[in-house]
């Protein structure tokens with residue numbers, strides 16, 4: 001949903017709003033990716049044991 005909104009804003013206002021949207025989405029995507037990576041590695045570690 002946030003990603004879609006960022007893309008729409010980026011398409012409507014390419015220069016400023018698009019940059020602001022990516023600056024807002026960047027940290028969210030990084031944190032989400034880090035959380036998913038941590039959970040996946042934790043689950044895999046438990047399965048290996």
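In my numbering, the protein residues as written are 1 to 49. The beta carbon of each residue, even a glycine, is placed where N, CA and C say it ideally should be.
Nearest-angstrom Cα separation, counted from residue j out to residue i
{"i": "residue 48", "j": "residue 35", "result": "20 Å"}
{"i": "residue 42", "j": "residue 33", "result": "14 Å"}
{"i": "residue 24", "j": "residue 39", "result": "24 Å"}
{"i": "residue 31", "j": "residue 46", "result": "23 Å"}
Among the options, the one whose alpha carbon lies nearest that of residue i
{"i": "residue 51", "options": "46, 44, 5", "result": "Look at the range of the chain in this structure, 1 to 49, and you will see that residue 51 is not part of it."}
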